[in-house]
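Numbering (the working numbering), first residue to last: 165 to 280.
The C-beta atom is built at its ideal place from N, Cα and C for all residues, glycine as well.
Here the structure is a predicted model, which means the values were calculated and not measured.
First comes the structure, then the notes that go with it.
Set out below in structure tokens:
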């Protein structure tokens, strides 16, 4: 489904467990890195960014990493209630739309919730 997948995990032990499991399953196009998911990754731009934790707002770093036509999907809202938000880069501009309600674990990092 994708040429390359990059996943960011802030806990080194979870990143290592994911690497091991993916290798056992035979996946070779997935790279797991340890870092702040709100900052994204330097290998930009991206065609798609999927954030699997809720943020108080869309991190500017992730918006900046979208390729032309790229889309970012992220749950945005409070700790207990978010809405799926989609950001698409069109003609150099960012178009944002809000969709279904949801609840995800909190996104912790420099551009989201602080470490508690």
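Helix, strand or coil at residue i [DSSP, three-state]
i, result
"residue 209", "coil"
"residue 192", "coil"
"residue 185", "helix"
"residue 228", "helix"
"residue 176", "helix"
"residue 279", "coil"
"residue 217", "coil"
"residue 222", "coil"
"residue 246", "strand"
"residue 271", "coil"
C-beta neighbour in chain B for residue i, strict 8 Å
i, result
"residue 208", "Judged by its chain identifiers, the structure shown contains no chain B, having just a single protein chain."
Buried or exposed (CB count within 10 angstroms, at least 16 for buried), residue i
i, result
"residue 246", "buried"
"residue 241", "buried"
"residue 229", "buried"
"residue 178", "exposed"
"residue 210", "buried"
Beta-carbon spacing of residue i, residue j below 8 Å
i, j, result
"residue 205", "residue 238", "no"
"residue 194", "residue 222", "no"
"residue 176", "residue 208", "no"
"residue 203", "residue 275", "yes"
"residue 258", "residue 227", "yes"
The segment 249-261 touching the segment 218-238, judged by at least three CB pairs closer than 8 Å: Here the segment 249-261 lies against the segment 218-238, with 3 or more beta-carbon pairs under 8 Å apart.
Any 3 or more C-beta pairs closer than 8 Å across the segment 266-274 and the segment 214-234: Judged by Cβ distances under 8 Å, the segment 266-274 makes contact with the segment 214-234, as three or more pairs qualify.
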